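Asks: Right, I'll just put the structure down here and ask away after.
Numbering (my numbering), first residue to last: -8 to 488.
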């Protein structure tokens, strides 16, 4: 019997749940005669993100046949329970199939799901015949779908064609599409922006927003060359060192280099395919990475938030060697030596003195890697299911899936993504506070203030400080924002091509 084989009657979808990416709700009656692939996911989960390319490949292979793909979004974080936020995730990951918002995880429980992601396949007669947790199932899913199509065609229980699904038109963003990360030039006059869903990196004037360099193109690919020929795939993290900008090319599973002097892009590590655990230093160009999400530079090394492996890696620029630096690869929040420490989807990095600061997103934590003693300890956060929006002493403070972090002296600024906020951790006072966000609405612009707008942050992914100004990647608003720490004013930096 194939791994994942089961046999039980499929459960219908509750009638009052929100459906996205389709003009109408679906039911098992609608899906009769179809092979139905159910993807139980939550949009914070890196393993769920790794499953989406496999589903996309299968959707394209079986296009025009009676095979229906449905996402069941069973949220982990409170922020992910809101349909409008799930809709943004659908746009960010360019999901083409319908998604039902699984309120209070009711569908999850009906199908006895216990982990993200889980894939279930329902045959044309309404029986669940396959159910398996984890990523890396593409070949197994392909086999099951192919067998079911053949069997039910012979039995006469297969629909004559695919289910017709009308999908509402998606709003198109402006100059930026889900900007992910930022980097300021060494002199602070320029800003680099990972325009993630446009698959490019923009370099703009930090004061006026005028674009000086457009690196990459809107088509996704892994291709080196001049600025107009090079291609990225939903790049995230950036590190600006001298006249070079290093790029965490996330969905290409690669580390790239933008040379501003020669106006060329080259790949330093990765080959476009997702990798797995490795041990020791490896040659960059032959080593496969797994969803690198952010970068930080110190003393000839690039530190890499390797979200897909729950580790921090290091790349030695001079030698071209790369490998794990901190974290065992097990997903949790465990302090200790570099080898025994455990992270959970590290997604933001910043260097402060002898410390590497890590935004450890899935445990809603800020972790400190002591580069001198080579030990890891936790500043804020307690566990995979400990999160919230709470200011005060760092031991009691709570975040919700932070993705970005920046150190300015003894002050750590955090893009507290699912709280739609910028938080401040004062290392001297050992206190956490909200700079921009819901906990202190006084820092949001008033409607009668002509100097600023009233648009709040929407899942910001990064923050950088220069002088008295914070630069913020306001991801779901498709904007770069600035916040004046002296005037407490939030503005939009208009990016002009």
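Yeah, the Cβ is synthetic: ideal placement off N, Cα and C, and Gly gets one too. Since this is a predicted model, take the numbers as computed values, not measurements.
1) For residue 295 versus residue 251, is the C-beta spacing smaller than 8 Å?
2) Check residue 304 in the structure and name its three-state DSSP category.
3) According to DSSP, simplified to helix, strand and coil, what is residue 81?
4) Mind checking which residues open and close the alpha helix (DSSP H) that includes residue 127?
5) For residue 409, which of helix, strand or coil comes out of DSSP?
6) Of the choices 233, 238 and 230, whose alpha-carbon is the least far from that of residue 221?
7) Over the uninterrupted beta strand (DSSP E) stretch that includes residue 368, give me the two end residues.
8) Output the residue ranges of the alpha helix (DSSP H) runs that lie fully inside the segment 35 to 121 and measure 4 residues or longer, sorted by chain position.
9) Excluding the five sequence neighbours on either side, which residues of its own chain have a C-beta within less than 6 Å of the C-beta of residue 116, listed in chain order?
10) With which residues is residue -2 paired in a DSSP beta bridge?
11) How far does the beta strand (DSSP E) with residue 207 in it extend, from its first residue to its last?
12) Thinking C-beta only, is residue 59 closer than 8 Å to residue 22?
13) Are the beta-carbon atoms belonging to residue 388 and residue 423 less than 8 Å from one another?
14) So residue 1 packs on residue 19, CB below 8 Å; how close in whole Å?
15) With three or more beta-carbon pairs closer than 8 Å as the criterion, would you say the segment 376 to 384 touches the segment 336 to 343?
16) Going by the DSSP bridge assignment, what does residue 334 pair with across the sheet?
17) Residue 198: buried (16+ other C-beta within 10 angstroms of its C-beta) or exposed?
18) Kindly indicate which residue of 485, 156, 466 and 460 has the alpha-carbon position closest to the one of residue 478.
19) Using CA atoms only, rank isn't needed, just tell me which of 98, 134 and 210 is closest to residue 49.
20) Measuring alpha carbon to alpha carbon, tell me which of 271, 182 and 207 ends up nearest residue 229.
21) Considering only residues of the same chain and omitting the five flanking positions on each side of residue 79, which have a CB-CB separation below 6 Å?
22) Keeping to the same chain, check which residues put their C-beta closer than 7 Å to that of residue 165; ignore five residues upstream and five downstream.
23) Curious, which full-length beta strand (DSSP E) runs of at least 3 residues does the segment 249 to 300 contain?
24) Taking only three categories from DSSP, how would you classify residue 354?
25) What whole-angstrom Cβ distance do residue 312 and residue 258 have, given they're in contact under 8 Å?
26) Look at the alpha carbon of residue 54 and the alpha carbon of residue 244, and state the distance between them as a whole number of angstroms.
27) Please classify residue 345 as buried or exposed, where buried requires at least 16 other C-beta atoms within 10 Å of its C-beta.
28) Output the boundary residues of the beta strand (DSSP E) element that contains residue 236.
29) Quick one: give me the first and last residue of the beta strand (DSSP E) that residue 389 is part of.
30) Closest to residue 15 by C-alpha separation, out of 24, 155, 213 and 366, would be which residue?
31) Whether or not the segment 38 to 46 and the segment 118 to 133 are in contact is what I'm after, with contact meaning three or more pairs of Cβ atoms, one per stretch, closer than 8 Å; do they touch?
32) Does the segment 409 to 417 come into contact with the segment 383 to 401, if we say contact requires no fewer than three beta-carbon pairs (one atom in each stretch) closer than 8 Å?
33) In or out: residue 105 buried (at least 16 other Cβ within 10 Å) or exposed?
34) Residue 67 to residue 94, Cα distance in whole Å?
35) Would residue 281 be called buried (16 or more neighbouring beta carbons within 10 Å of its own) or exposed?
36) DSSP three-state label for residue 421, please.
Replies: Checking against the coordinates, here is how it stands:
1) Mapped onto the chain shown, residue 295 falls at position 304. Mapped onto the chain shown, residue 251 falls at position 260. The answer is no: Cβ separation not under 8 Å.
2) Indexing the chain shown from 1 puts residue 304 at position 313. Here residue 304 sits in strand by DSSP.
3) On the chain shown, residue 81 is found 90 positions in, with the first residue counted as 1. In this structure, residue 81 counts as helix in the three-state DSSP scheme.
4) On the chain shown, position 136 is the one that residue 127 refers to. Judged by DSSP secondary structure, residue 127 falls outside any alpha helix (DSSP H); it is assigned neither H nor E.
5) Working through the chain shown from its first residue, we reach residue 409 at position 418. The answer is helix: DSSP assigns residue 409 an H, G or I state.
6) The count along the chain shown starts at 1 and reaches residue 221 at position 230. Ranking 233, 238 and 230 by CA distance to the CA of residue 221 puts 238 first.
7) Taking the first residue of the chain shown as 1, we reach residue 368 at position 377. Judged by DSSP secondary structure, residue 368 falls within the beta strand (DSSP E) whose first and last residues are 366 to 371.
8) You should have 37 to 52, 74 to 83 and 97 to 101.
9) Stepping through the chain shown from its first residue, residue 116 is reached at position 125. Spatial neighbours of residue 116 in its own chain (CB-CB distance under 6 Å, excluding positions within 5 residues in sequence) are listed in chain order as 148.
10) Position 7 of the chain shown, counting from 1, holds the residue named residue -2. Per DSSP, residue -2 has no beta-bridge partner at all.
11) Against the chain shown, residue 207 aligns to sequence position 216. Where residue 207 is concerned, the enclosing beta strand (DSSP E) stretches over 202 to 207.
12) Position 31 of the chain shown, counting from 1, holds the residue named residue 22. Position 68 of the chain shown, counting from 1, holds the residue named residue 59. Taking 8 Å as the cut-off, the Cβ atoms of residue 22 and residue 59 count as close.
13) Numbered from 1 along the chain shown, position 397 holds the residue referred to as residue 388. Numbered from 1 along the chain shown, position 432 holds the residue referred to as residue 423. Their beta carbons are under 8 Å apart, which means residue 388 touches residue 423 by this criterion.
14) Along the chain shown, one-based indexing puts residue 1 at 10. Along the chain shown, one-based indexing puts residue 19 at 28. Contact between residue 1 and residue 19 holds, with the beta-carbon distance rounding to 6 Å and staying under 8 Å.
15) Cβ pair count under 8 Å is below three, so no.
16) Taking the chain shown and counting its residues from 1, one reaches residue 334 at position 343. In DSSP, residue 334 forms a bridge with 322.
17) Taking the first residue of the chain shown as 1, we reach residue 198 at position 207. Its Cβ having fewer than 16 others within 10 Å, residue 198 is exposed.
18) The count along the chain shown starts at 1 and reaches residue 478 at position 487. Cα-wise, what sits closest to residue 478 is 460.
19) Position 58 of the chain shown holds residue 49. Cα-wise, what sits closest to residue 49 is 134.
20) Reading the chain shown from its first residue, position 238 is the one you call residue 229. Closest option to residue 229, Cα to Cα, is 182.
21) For the purposes of this step, residue 79 is identified with residue 88 of the chain shown, where counting begins at 1. When the five nearest sequence neighbours on each side are left out, the beta carbons in the same chain lying within less than 6 Å of the beta carbon of residue 79 are those of 467, in order along the chain.
22) Here the question's residue 165 lines up with position 174 in the chain shown. Cβ neighbours of residue 165 within its own chain (closer than 7 Å, five residues either side excluded): 469.
23) Listed in chain order, the complete beta strand (DSSP E) runs (minimum 3 residues) inside the segment 249 to 300 are 255 to 260, 283 to 289 and 292 to 297.
24) Translated into the one-based positions of the chain shown, residue 354 becomes position 363. Residue 354: helix per DSSP, three-state reduction.
25) What you label residue 312 is simply residue 321 of the chain shown in a count that begins at 1. What you label residue 258 is simply residue 267 of the chain shown in a count that begins at 1. Between the beta-carbon of residue 312 and that of residue 258 there is about 15 Å, and that puts the pair past the 8 Å contact cut.
26) Taking the chain shown and counting its residues from 1, the one referred to as residue 54 is at position 63. Taking the chain shown and counting its residues from 1, the one referred to as residue 244 is at position 253. Approximately 27 Å between the Cα atoms of the pair.
27) Here residue 345 corresponds to residue number 354 of the chain shown, with the count starting at 1. Exposed is the call here.
28) Counted from its first residue, the chain shown places residue 236 at position 245. Looking at the DSSP string, the run of the beta strand (DSSP E) that includes residue 236 is 235 to 240.
29) To locate residue 389, count along the chain shown from 1; it is residue 398. Note, residue 389: premise wrong, no beta strand (DSSP E); not H, not E.
30) Position 24 of the chain shown, counting from 1, holds the residue named residue 15. Residue 155 is the option with its Cα nearest to residue 15.
31) Three or more pairs of CB atoms, one per stretch, sit closer than 8 Å, so the segment 118 to 133 contacts the segment 38 to 46.
32) In short, these stretches touch, since the Cβ pair count reaches three.
33) For the purposes of this step, residue 105 is taken as residue 114 along the chain shown, with counting starting at 1. By the 10 Å Cβ count, residue 105 comes out exposed.
34) The residue given as residue 67 occupies position 76 in the chain shown. The residue given as residue 94 occupies position 103 in the chain shown. Taking the straight line from one Cα to the other gives about 11 Å.
35) Looking up residue 281 in the chain shown gives position 290. Its Cβ being crowded by 16 or more others within 10 Å, residue 281 is buried.
36) One-based indexing of the chain shown puts residue 421 at position 430. DSSP places residue 421 in coil when its eight states are reduced to three.
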